[in-house]
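Per this note's numbering: the sequence shown ends with 107, consecutive numbering throughout. Don't be surprised by glycine CBs; every beta carbon is placed ideally from N, CA and C.
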Amino acid sequence: MYLGQIVESGPTAALFRDPPRPYTRALLSANLMLDPDRRRERVVLSGELPSPSNPHSGCRFHKLSVGPAEMRQRSFVLQAGADGRSVACHCPLATEPVVMSQAIAG
Numbered sequence: 002m003y004l005g006q007i008v009e010s011g012p013t014a015a016l017f018r019d020p021p022r023p024y025t026r027a028l029l030s031a032n033l034m035l036d037p038d039r040r041r042e043r044v045v046l047s048g049e050l051p052s053p054s055n056p057h058s059g060c061r062f063h064k065l066s067v068g069p070a071e072m073r074q075r076s077f078v079l080q081a082g083a084d085g086r087s088v089a090c091h092c093p094l095a096t097e098p099v100v101m102s103q104a105i106a107g
């Protein structure tokens with residue numbers, strides 16, 4: 002949920018294992034691992050944080066989003082996937098995490 006809107010839903014284990022949204026992937030990559038010998042690739046988003054007091058009428062994450070600019074101007078509703086997960090995003094992660102994280106940070 003973000004700013005009162007559900008932007009992603011699905012089985013908890015699947016969300017933590019393979020989050021479909023770039024913002025969720027970046028958020029989860031910031032969590033510390035309990036095992037000091039394990040590390041997670043850190044995903045850092047470039048751009049500006051969205052304003053909670055003046056949200057954009059299109060994609061709430063438009064200043065952090067990757068993908069075509071015209072897509073970032075649209076708002077999105079939850080769309081169900083075949084895997085039981087739903088996401089409201091114009092660019093859910095359909096590529097390998099490393100490739101997408103490079104695109105996000107790039």
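| Check | Outcome |
| --- | --- |
| Reference Leu33, options Arg43, Ala15, Gln74, closest by Cα | Arg43 |
| As assigned by DSSP and simplified to three states, the class of Ser115 | The structure shown does not extend to residue 115, since the chain is modelled only from 2 through 107, so no value can be given for it. |
| Alpha-carbon to alpha-carbon, Asp38 and His91 | 35 Å |
| Among Tyr3, Tyr24, Gly5, Ser87, the one whose alpha carbon lies nearest that of Ser47 | Tyr24 |
| Proximity of Gly59 and Gly11 at Cβ, strictly below 7 Å | no |
| Residue from Pro20, Pro53, Thr13, Ser30 whose Cα sits closest to the Cα of Gly5 | Pro53 |
| Selected residue, minimal CA-CA separation from Arg75, among Ala31, Arg26, Thr13, Phe62 | Phe62 |
| Cutoff 7 Å; reference Tyr3; Cβ partners in own chain excluding five residues on either side | Arg61 |
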